[in-house]
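Novice: With the numbering used here, the residue at position 17 of the sequence shown is 443, and numbering never jumps.
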Amino acid sequence: MRILVTGGAGFIGANFVYYTLKNHPDYDIICVDSLTYAGNLSTLQKALKSPRFTFYRQDIRDRDGIDAIFQKERPDAVVNFAAESHVDRSIETPELFLQTNILGAQVMMDACLRYGNVRFHQVSTDEIYGDLPLDRPDLLFTENSPLRPSSPYSASKAGADMLTLAYFRTYGLRATVSRCSNNYGPFQFPEKLIPLMIANALEDKPLPVYGQGLNVRDWLYVADHCRAVDLILEKGEPGQVYNVGGHNEMRNIDIVKLLCAQLGKPESLITFVTDRKGHDLRYAIDPAKIRAELGWEPQTPFAEGLKKTVRWYLDNRPWWEQIISGEYRNYYQRMYGDR
Ligand code: NAD
Ligand code: TYD
427 MRILVTGGAG
437 FIGANFVYYT
447 LKNHPDYDII
457 CVDSLTYAGN
467 LSTLQKALKS
477 PRFTFYRQDI
487 RDRDGIDAIF
497 QKERPDAVVN
507 FAAESHVDRS
517 IETPELFLQT
527 NILGAQVMMD
537 ACLRYGNVRF
547 HQVSTDEIYG
557 DLPLDRPDLL
567 FTENSPLRPS
577 SPYSASKAGA
587 DMLTLAYFRT
597 YGLRATVSRC
607 SNNYGPFQFP
617 EKLIPLMIAN
627 ALEDKPLPVY
637 GQGLNVRDWL
647 YVADHCRAVD
657 LILEKGEPGQ
667 VYNVGGHNEM
677 RNIDIVKLLC
687 AQLGKPESLI
697 TFVTDRKGHD
707 LRYAIDPAKI
717 RAELGWEPQT
727 PFAEGLKKTV
737 RWYLDNRPWW
747 EQIISGEYRN
757 YYQRMYGDR
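#1: Comparing alpha-carbon positions, which option in 710, 474, 757, 632 lies nearest residue 699?
#2: In whole angstroms, what is the alpha-carbon distance linking residue 399 and residue 457?
#3: Any heavy atom of the ligand TYD closer than 8 Å to the Cβ of residue 754?
#4: Check each candidate in 713, 589, 604, 606 and name the one with the smallest Cα separation from residue 598.
#5: For residue 755, name the three-state secondary structure that DSSP assigns.
#6: If you follow the beta strand (DSSP E) that residue 453 is in, where does it begin and where does it stop?
#7: Are the CB atoms of residue 668 and residue 654 nearer to each other than 9 Å?
#8: Does DSSP put residue 644 in a helix, a strand or coil?
#9: Comparing alpha-carbon positions, which option in 461, 520, 708 lies nearest residue 560?
#10: Can you look up residue 765 in the DSSP assignment and give me helix, strand or coil?
#11: For residue 473, does the count of other Cβ atoms within 10 angstroms reach 16, so buried, or fall short, so exposed?
#12: Look up residue 546 in the DSSP assignment and say whether it is helix, strand or coil.
#13: Rounded C-beta distance between residue 507 and residue 556? I'm assuming under 8 Å.
#14: Does the distance from the CB of residue 564 to the CB of residue 608 come in under 9 Å?
#15: Need the endpoints of the beta strand (DSSP E) that residue 674 sits in, please.
#16: Answer yes or no: the CB of residue 512 versus the heavy atoms of the ligand TYD, is any distance below 8 Å?
#17: Exposed or buried, what is residue 519 when buried is set at 16 or more other beta-carbons lying within 10 Å of its beta-carbon?
#18: In angstroms, rounded to a whole number, what distance separates the CA positions of residue 460 and residue 661?
#19: Return helix, strand or coil for residue 726, following the three-state DSSP convention.
#20: Is any heavy atom of the ligand TYD found at a distance shorter than 8 Å from the C-beta of residue 675?
#21: What I want to know is whether the C-beta of residue 458 ends up closer than 8 Å to one or more non-hydrogen atoms of the ligand NAD.
#22: Relative to the alpha-carbon of residue 592, which residue among 644, 642, 528 has its alpha-carbon at the smallest distance?
#23: Whole angstroms is fine: what's the gap from residue 692's alpha carbon to residue 703's?
#24: Report, in whole angstroms, the separation of the C-beta atoms of residue 470 and residue 434, which I expect to be a contact under 8 Å.
#25: Of all the options 448, 533, 478, which has the alpha carbon lying nearest to the alpha carbon of residue 428?
#26: Less than 8 Å between the CB of residue 686 and some heavy atom of the ligand NAD, yes or no?
#27: Give the C-beta separation of residue 671 and residue 646 to the nearest angstrom, bearing in mind that I take them to be a contact with Cβ-Cβ under 8 Å.
#28: Check residue 594 in the structure and name its three-state DSSP category.
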């Protein structure tokens with residue numbers, strides 16, 4: 427099996443590369459990533475030593491470049507992780523999100539069709555369902571919930587998700603879609619909630635909680651997401667959508683307090699800042715379908731996953747210190763400077 431992974435130098439893509447190298451000794455992996463601010467080749471340092479791993483610095487929006495890689499590598503399957511992934515940045519520059527997340531996905535699907543209907547998996551998100559009210563814990567997103575994206579990020583992901591299903595129906599592309607909840611774990615870029623709070627706390631900087639910190643996310647350890655994508659590739663049925671989540675809803679403020687406790691830092695570092703525009707209140711996934719049809723269950727309880735994650739950031743300071751000392755400083759100043 428030759429599997430082409432886009433966005434493999436980012437958070438979940440890299441975790442998927444390592445998961446696959448470890449669990450499928452018979453697979454070759456071809457990684458395609460343009461190395462945007464969020465992509466980091468040092469993340470793939472160990473993978474690059476494997477004879478089963480090949481890396482291409484390539485933008486998925488570039489048809490000729492993608493075509494040349496398909497021509498040479500002849501993949502059996504494609505997993506599309508490549509995306510602009512941060513909601514706050516999508517509020518600043520929506521256009522880039524539409525280009526990469528929708529048109530880039532289309533380029534990948536066209537290439538799959540041209541090279542013999544290559545199996546395609548689109549990594550989508552629960553954010554395409556919009557949000558749920560805080561006072562209705564009984565409501566969960568199912569695969570049949572209406573799509574009501576709130577941010578340019580989630581709208582662009584909804585576009586790619588719908589296009590994938592349209593390519594299945596119109597052209598018979600052998601495609602599946604997974605809609606996962608918030609991930610956390612090693613190699614997550616420190617602009618996202620958990621690693622940002624860990625990095626700031628370790629440097630005794632303020633911990634900027636949006637609004638009152640009452641928004642709820644449904645957190646899943648990244649390895650559990652990787653296993654879900656792997657299972658869908660192996661056993662999923664083309665044309666199907668699978669929700670992925672672990673029934674692990676947490677309020678932002680509670681996560682930040684947990685992190686303070688684990689890092690031995692005072693809660694007085696917590697600073698409430700102006701809320702995000704259009705901020706989704708609550709996400710919560712019903713994973714009944716993937717459990718019943720593919721036998722997937724999350725394996726990492728949140729307490730254990732969070733401990734592992736904190737340990738990873740403590741043990742890998744050079745990885746994130748190098749990130750926050752670069753261009754990220756300008757972003758941080760723009761986003762949090764006088765918030
Ligand atoms: P990330 O931002 O950490 O990584 C994205 C990667 O894509 C980077 O390596 C970047 O260089 C690459 N990339 C961006 N634009 C590209 C382009 N035009 N061509 C080639 N490569 C490009 O993102 P992530 O958190 O790892 O998310 C991966 C995927 O999973 C995304 O599609 C995201 O929507 C989805 N997802 C993320 C979460 C989450 O909690 N992080 C949850 C559900 C779904
Ligand atoms: P984030 O990690 O950006 O993921 P998403 O918005 O895709 O769910 O944010 C998770 C939650 O944490 C979200 O409700 C926004 C909030 N948040 C903060 O309160 N402060 C921050 O500095 C960041 C980055 C996020």
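Just so it is clear, CB atoms sit at the ideal spot from N, CA and C, and this is done for glycine as well.
Quick caveat, the model's predicted, so the values are computed rather than measured.
Specialist: Reading from the atomic positions:
#1: Translated into the one-based positions of the sequence shown, residue 699 becomes position 273. Nearest of 710, 474, 757, 632 to residue 699, Cα basis: 632.
#2: The question about residue 399 has no answer here: the residues shown for the chain are numbered 427 through 765.
#3: On the sequence shown, position 328 is the one that residue 754 refers to. No; taking the cut-off as 8 Å, the Cβ of residue 754 has no heavy atom of the ligand TYD nearer than that.
#4: Residue numbering aside, residue 598 sits at position 172 when the sequence shown is read from its first letter. When only C-alpha atoms are compared, the closest one is 589.
#5: To locate residue 755, count along the sequence shown from 1; it is residue 329. Looking at residue 755 - three-state DSSP - the assignment turns out to be helix.
#6: Position 27 of the sequence shown holds residue 453. From DSSP, residue 453 is part of no beta strand (DSSP E); its letter is neither H nor E.
#7: Residue 668 sits at position 242 when you count from the first residue of the sequence shown. Residue 654 sits at position 228 when you count from the first residue of the sequence shown. Their beta carbons are under 9 Å apart, which means residue 668 touches residue 654 by this criterion.
#8: Against the sequence shown, residue 644 aligns to sequence position 218. It is a strand residue.
#9: Here residue 560 is taken as the residue at index 134 of the sequence shown, counted from 1. Among 461, 520, 708, the Cα nearest to that of residue 560 is on 708.
#10: Working through the sequence shown from its first residue, we reach residue 765 at position 339. DSSP places residue 765 in coil when its eight states are reduced to three.
#11: Walking along the sequence shown from the start, residue 473 turns up at place 47. Classification for residue 473: buried.
#12: Counting from one through the sequence shown, the residue named residue 546 turns up at place 120. If DSSP states are grouped into helix, strand and coil, residue 546 belongs with the strands.
#13: Mapped onto the sequence shown, residue 507 falls at position 81. Mapped onto the sequence shown, residue 556 falls at position 130. With a Cβ gap of about 22 Å, residue 507 and residue 556 do not count as contacting.
#14: Sequence index remark: in the sequence shown, residue 564 carries index 138 (1-based). Sequence index remark: in the sequence shown, residue 608 carries index 182 (1-based). Not a contact, by the Cβ cut-off of 9 Å.
#15: For the purposes of this step, residue 674 is taken as residue 248 along the sequence shown, with counting starting at 1. Where residue 674 is concerned, there is no enclosing beta strand (DSSP E), given that its DSSP letter is neither H nor E.
#16: On the sequence shown, residue 512 is found 86 positions in, with the first residue counted as 1. Indeed, a heavy atom of the ligand TYD lies less than 8 Å from the Cβ.
#17: As a first step, residue 519 is located in the sequence shown; it is residue number 93 there, counting from the start. Answer is exposed; the Cβ neighbour count stays below 16.
#18: Indexing the sequence shown from 1 puts residue 460 at position 34. Indexing the sequence shown from 1 puts residue 661 at position 235. The alpha-carbon atoms of residue 460 and residue 661 are separated by roughly 30 Å.
#19: Taking the sequence shown and counting its residues from 1, the one referred to as residue 726 is at position 300. The answer is coil: DSSP assigns residue 726 none of H, G, I, E or B.
#20: Translated into the one-based positions of the sequence shown, residue 675 becomes position 249. Flag unset: Cβ of residue 675 not near the ligand TYD.
#21: Translated into the one-based positions of the sequence shown, residue 458 becomes position 32. At least one heavy atom of the ligand NAD is nearer than 8 Å to the Cβ of residue 458, so yes.
#22: On the sequence shown, position 166 is the one that residue 592 refers to. The option with the nearest alpha carbon to residue 592 is 528.
#23: Locating residue 692 in the sequence shown gives position 266, counting from the first residue. Locating residue 703 in the sequence shown gives position 277, counting from the first residue. Spanning the two alpha carbons is a distance of roughly 28 Å.
#24: The count along the sequence shown starts at 1 and reaches residue 470 at position 44. The count along the sequence shown starts at 1 and reaches residue 434 at position 8. Indeed they touch by this definition, with Cβ atoms about 7 Å apart.
#25: Locating residue 428 in the sequence shown gives position 2, counting from the first residue. Cα-wise, what sits closest to residue 428 is 478.
#26: Taking the sequence shown and counting its residues from 1, one reaches residue 686 at position 260. False, no ligand heavy atom lies under 8 Å from that Cβ.
#27: Within the sequence shown, numbered from 1, the residue matching residue 671 stands at position 245. Within the sequence shown, numbered from 1, the residue matching residue 646 stands at position 220. Yes, they are in contact, since the Cβ atoms of residue 671 and residue 646 sit about 6 Å apart, within 8 Å.
#28: Stepping through the sequence shown from its first residue, residue 594 is reached at position 168. Looking at residue 594 - three-state DSSP - the assignment turns out to be helix.
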